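Going down the list, the protein sequences come from chains Y and R. In terms of the numbering used here, the first sequence is residues 64 to 355. In terms of the numbering used here, the second sequence is residues 1202 to 1488. Every residue gets a Cβ at the ideal spot worked out from N, C-alpha and C, and that includes glycine. Quick caveat: nothing in here was measured; it's all calculated off a predicted structure. Note sheet for the following structure.
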Amino acid sequence: MSEPIIRTKGLSFSYDENKNPSFDVREVHGVRDINISIERGEYVAVLGHNGSGKSTLAKLLNMILIPNSGDIFIDGVRITDENFTEDDVFDVRRKVGMVFQNPDNQLVATVVEEDVAFGPENLGLPREEIRRRVNSALAAVGMTEYARHAPHKLSGGQKQRIAIAGIIAMRPDVIIFDESTAMLDPLGRRDVIEIMERLNREDGITVINITHYMDEASRADRVIIVNEGEVAFDAPAREAFSNISDLHRMGLEAPQGVELMAALRDAGLDVAENVLTSEECIEALNSFLQDK
Amino acid sequence: MNEIIRLENISYIYGKGTPFEKVALDNVCVSFSRGRITGLIGHTGSGKSTLVSLLNGLLKPTEGKVFLDGKDIWENPKEISSVRYRVGLVMQYPEYQLFDETVRNDIGFAPRNLGLSEEEIAGRVNEAAGFVGLPAELLEKSPFDLSGGQKRRVAIAGILAMRPDVLVLDEPAAGLDPRGRRDILGKLGDYVRHSGASVILVSHSMEDMATYCDNVVVMNRGKIYAEGTTDEIFSRADSLSAVGLDVPAVAKIAAELKRRGIDLSGKLYTIDGVRDAILEYVRGGAK
C-alpha cells in the first residue's frame, strides 16, 4: 500500500510552552497525542467546539506551528525533522495549502489574477507556466471573467474562490479549509463547497474541511472530532453522527434531519436509526408515516 | 403603538454623481417593533448592511427619513451621536473592537461617555455582564485574556450597557460552535423580555432565524422582498429560494412529506416544531 499523504505520530503541541505574544491563543487547547492517517484523495471533515484544538492541528500540518513532540509525515517525508531548511518548509506549504476563515485577510494583490499568481511567482516558475496555472486556477473556481477585477470589490464568496484559486495554482496535494465558509452567505457557501468537492472528486486533491456546519461535515467521507485537544472520534460520517448524546456533550450537533429522527425516537416513535442526509430522513419518515 | 423605529421611503446611493454610482437601497419602507426579535436576511449585496448603518445614523439617507420613537433622527444633524446610544449596533466580529484594560472598563465605556455616575455605571456593567452570561470573576481580567466566545460576549455586553431601545446585531454567532450559538442567541430572547427593546438580528443562518426570531424581513436587490412573522416567511420556501436564500433543512423535510400526502401542521421550520407535528399526526392517525 502506498504511503498516506498525511500521517501523525504522538503529535502534541501546547501554547503554554510556546509563549509568543503575536498569537492570540490563550484559553485555546493545544493538541495531545494525535495519531491520524489520511490517505491520498480522502475527503475528511474535522469538527470540534471553539478552542477544541482543531485549528491547532491544521496549523501543525502545514508548519505554521511546530509541535513540542511527535512526528508528522507528509507524503512519507518527516517534516518534523530538525534539519529541515526554509526551502523544505516552503515545499510543505506548497503541498498542503490552507484556506482561512476571513476572505479579507488572505488576498495580497490589487488585481485578481496577480493575487492568484503570487504563489507560483514565488516558486520561480517561468512566465508562461505561471500564466497557464493562473488561467486554469481561475477557471477551476469559475472566476475567469473577474481576472482583471479588484479583489476588494468582490463578495465574500467570490473572495474565497480567489483565495482557493491562489492555492490551486500551487498544485497542492492537500487543501485544508479552516472554517472557510463561516463568513459567507448561503450562495457563497454552496459555491465553495461545490468547488471543494469537485477538486476532491475530479483532481484527486485531498480535502480537509474544518467546520462548525454539521450539514457540511455530513457530506465528507470521514469525520474526525477533536475534543479538548484529543481525537475523540474518527469514523465514517454516518457513524460519527449516530451518537447524538456524545455530540451534544462535546458542544456539537448532528445535521437537522438526524436531530429530528433522534427527537422522534426520544418521544417514543420507532423510526429508523441509520439516517444521515435529509433525503434519507424523508424516505424513512415517509414509509413510517404512510402506514399510520 | 409598539413601533420604535421606522424607515420611510429610504433610498441610499453610494458614490452619487460619480461613475461608480450604486443604488444600495431603493425606496424602502419598513418598521421595527418593541419587544420583538426581527430577523433581517438577504444575500450579499442585498442592502442589509446599508440598512443597518442607516438605523443608527452611521449613514445619512440619500432620500427619505428615519424616525426613532416618532422623531426624525436627522432633524438636527448635530445631535446624531445621541441616536447611537439609543440604537446599539453590534458589528460583525465585535471582539476585535475591545480595547480597555479590564472587562469591566470595556463594558462600562459607553455608560461612562453618557456621563452616568460611577454607581450607575457599575450597576449597568453587572447587569449587562449577567445578560450575556459572563461570570463576575472575569470582570477584572483583561479582555485579551479571554477565549473568542467570551470576548464576543464582552463586546455585546458593552452595547447592552447603554440600554439601547434598539439593539442591532450583525451575525453575532458567526464562527461560534453550536453550543456557543445557542448560548448567545438564546440570551437575546431573555433580553427582549426583560428590557422590552427591539432586537434586529442580521444572519445568514436560516436555522437561527427560524428558531430565535418573531418576525423576519427579507431583502433583495435593495428592496424589501418580503416581511412577516417567522411562520409566514418560512412557509413560503420557494419564494426564498428564488432570491438565493434557503429554508432550514428540517423545513424542507416537512415540506416534502406534506407533498407526499402526509398532512402535517404547526411550526414546520424548527426541529421541535416538526417533531410535534409528526407526533400529532401519529396520534391523530391512531384514533
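(request) Using a threshold of 8 Å, state whether the C-beta atoms of Pro-1365 of chain R and Gly-1289 of chain R are closer than that. (result) Contact: yes.
(request) Taking Arg-1380 of chain R as the query, report the chain Y residues whose CB atoms sit under 7 Å from its CB, ordered along the chain. (result) Simply His-112, Gly-314.
(request) Using a Cβ-Cβ cut-off of less than 7 Å, give me the residues of the region 325-345 of chain Y that come near chain R, in sequence order. (result) Hits within the stretch, in order: Ala-326, Leu-327, Ala-330, Leu-332, Ser-341, Cys-344, Ile-345.
(message) On the CB-based measure, 16 or more other CB atoms within 10 Å of its CB, does Val-171 of chain Y come out buried or exposed?
(response) The residue in question, Val-171 of chain Y, is exposed, as its Cβ has fewer than 16 Cβ neighbours within 10 Å.
(message) Less than 8 Å between the beta carbons of Asp-1432 of chain R and Lys-1468 of chain R, yes or no?
(response) Their beta carbons are under 8 Å apart, which means Asp-1432 of chain R touches Lys-1468 of chain R by this criterion.
(request) Taking Pro-318 of chain Y as the query, report the chain R residues whose CB atoms sit under 9 Å from its CB, ordered along the chain. (result) For Pro-318 of chain Y, the C-beta contacts it makes with chain R under 9 Å involve Ala-1450, in order along the chain.
(request) Starting from the Cα of Ser-341 of chain Y, find the closest Cα among Y:Leu-217, Y:Pro-318, Y:Phe-351, Y:Pro-67 and give me that residue. (result) Distance check between Ser-341 of chain Y and each of Y:Leu-217, Y:Pro-318, Y:Phe-351, Y:Pro-67 places Y:Pro-318 closest, using alpha-carbon atoms only.
(message) Counting only Cβ pairs nearer than 7 Å, list the residues of chain R close to Met-246 of chain Y.
(response) Those within 7 Å of Met-246 of chain Y in chain R are Ala-1375.
(request) Please go through the same chain and pick out, in chain order, the residues whose beta-carbon is closer than 8 Å to the beta-carbon of Val-1253 of chain R, but skip the five residues on each side of it. (result) When the five nearest sequence neighbours on each side are left out, the beta carbons in the same chain lying within less than 8 Å of the beta carbon of Val-1253 of chain R are those of Leu-1241, Leu-1290, Val-1369, Asp-1371, Ile-1401, Val-1403, in order along the chain.
(request) Return the residue from the list Y:Arg-70, Y:Arg-95, Y:Glu-105, Y:Phe-181 that minimises the CA-CA distance to Val-286 of chain Y. (result) Of the listed residues, the one whose Cα sits closest to Val-286 of chain Y is Y:Glu-105.
(request) Find the nearest neighbour of Asp-1378 of chain R within the set Y:Asn-349, Y:Val-334, Y:Gly-114, judged by alpha-carbon distance. (result) Of Y:Asn-349, Y:Val-334, Y:Gly-114, the residue nearest in Cα terms is Y:Gly-114.
(message) Am I right that Leu-1441 of chain R and Val-1448 of chain R are in contact with their C-beta atoms under 8 Å? What's the rounded C-beta distance?
(response) Approximately 6 Å separates the beta-carbon atoms of Leu-1441 of chain R and Val-1448 of chain R; this is inside 8 Å, confirming the contact.
(message) Determine whether the beta carbon atoms of Glu-1209 of chain R and Cys-1230 of chain R lie at a separation below 8 Å.
(response) Yes, the Cβ-Cβ distance between Glu-1209 of chain R and Cys-1230 of chain R is below 8 Å.
(message) Met-206 of chain Y and Ala-228 of chain Y - do their beta-carbons sit closer together than 8 Å?
(response) Contact: yes.
(message) Give me the subset of the region 250-263 of chain Y whose CB atoms are less than 7 Å from a CB atom of chain R, sorted by chain position.
(response) Of all residues in the region 250-263 of chain Y, Leu-250, Gly-251 have a Cβ within less than 7 Å of some Cβ in chain R.
(request) Tell me the start and end of each unbroken alpha helix (DSSP H) in the region 230-262 of chain Y that is at least 4 residues and wholly inside, in chain order. (result) Residue ranges of uninterrupted alpha helix (DSSP H) with 4 or more members are absent from the region 230-262 of chain Y; none lies entirely inside it.
(message) Can you tell me whether Arg-264 of chain Y is buried or exposed? The criterion is at least 16 other CB atoms within 10 Å of its CB, across all chains shown.
(response) With a threshold of 16 other beta carbon atoms within 10 Å, Arg-264 of chain Y falls short and is exposed.
(request) Please work out which residues of its chain come closer than 6 Å, Cβ to Cβ, to Arg-1325 of chain R, disregarding the five sequence neighbours upstream and downstream, and give them in chain order. (result) Correct list, in chain order: Pro-1312, Ala-1362.
(request) Would you please state the rounded distance, in angstroms, between the beta carbons of Ala-108 of chain Y and Ala-280 of chain Y? I believe it to be under 8 Å. (result) About 4 Å separates the beta carbon of Ala-108 of chain Y from that of Ala-280 of chain Y, a gap short enough to meet the 8 Å contact definition.
(message) Can you tell me whether Phe-296 of chain Y is helix, strand or coil according to DSSP?
(response) Of the three classes helix, strand and coil, the one that applies to Phe-296 of chain Y here is strand, per DSSP.
(request) Give the range of the alpha helix (DSSP H) segment to which Thr-1412 of chain R is assigned. (result) First-last of the alpha helix (DSSP H) with Thr-1412 of chain R: 1407-1413.
(request) May I have a chain-ordered list of the alpha helix (DSSP H) segments no shorter than 4 residues that lie completely inside the region 87-118 of chain Y? (result) DSSP runs (the alpha helix (DSSP H)) wholly in the region 87-118 of chain Y: none.
(message) Which of the three DSSP states is assigned to Val-338 of chain Y in this structure?
(response) Correct three-state label for Val-338 of chain Y: coil.
(request) For the region 1206-1272 of chain R, list the beta strand (DSSP E) runs that are entirely contained and at least 3 residues long, ordered along the chain. (result) Those beta strand (DSSP E) runs which fall completely within the region 1206-1272 of chain R and span 3+ residues are 1223-1234, 1238-1242, 1264-1269.
(message) Between R:Gly-1349, R:Lys-1272, R:Gly-1359, R:Glu-1319, which has its C-alpha nearest Gly-1331 of chain R's C-alpha?
(response) Proximity to Gly-1331 of chain R across R:Gly-1349, R:Lys-1272, R:Gly-1359, R:Glu-1319 peaks at R:Gly-1359, based on C-alpha coordinates.
(message) What ranges does the beta strand (DSSP E) occupy inside the region 1340-1401 of chain R, keeping only unbroken runs of at least 3 residues that lie completely in it?
(response) Restricted to the region 1340-1401 of chain R, the beta strand (DSSP E) segments that are unbroken, complete and at least 3 residues in length are 1367-1371, listed in chain order.
(request) Measure the alpha-carbon distance for Ser-1436 of chain R versus Asn-1257 of chain R and round it to whole angstroms. (result) Their backbone Cα atoms lie some 32 Å apart in a straight line.
(request) Please compile the residues from chain Y whose C-beta is within a distance smaller than 9 Å of the C-beta of His-1395 of chain R. (result) None at all; the shortest Cβ gap to chain Y is about 26 Å.
(message) On the criterion of 16 or more Cβ atoms from any shown chain inside 10 Å, does Gly-209 of chain Y qualify as buried, or is it exposed?
(response) Note on identity: in this sequence residue 209 of chain Y is Tyr, with Gly being the wrong assignment. Result: buried.
(message) According to DSSP, Thr-1430 of chain R sits in a beta bridge with which residue or residues?
(response) DSSP output for Thr-1430 of chain R lists R:Asn-1416 as bridge partner(s).
(message) Against Val-1475 of chain R, what residues of chain Y qualify as contacts under a CB-to-CB distance less than 7 Å, listed in chain order?
(response) In chain order: Leu-323.
(request) Determine, using beta carbons only, whether Ile-345 of chain Y and Ile-1454 of chain R come nearer to each other than 8 Å. (result) A Cβ-Cβ contact shorter than 8 Å links Ile-345 of chain Y with Ile-1454 of chain R.
(message) Using only the alpha-carbon positions, how far apart do Asn-290 of chain Y and Asn-1421 of chain R sit?
(response) Cα-Cα distance, rounded: 40 Å.
(request) Could you check the C-alpha separation between Arg-1484 of chain R and Ser-1396 of chain R for me, to the nearest Å? (result) When rounded, the distance between both Cα atoms is 40 Å.
(message) Between Arg-1325 of chain R and chain Y, is the shortest Cβ-Cβ distance under 8 Å, so that the two count as touching?
(response) Judged by the 8 Å Cβ criterion, Arg-1325 of chain R is not in contact with chain Y.
(message) Cβ closer than 7 Å: which chain Y residues qualify as neighbours of Lys-1453 of chain R?
(response) Within 7 Å Cβ-Cβ: Ser-341.
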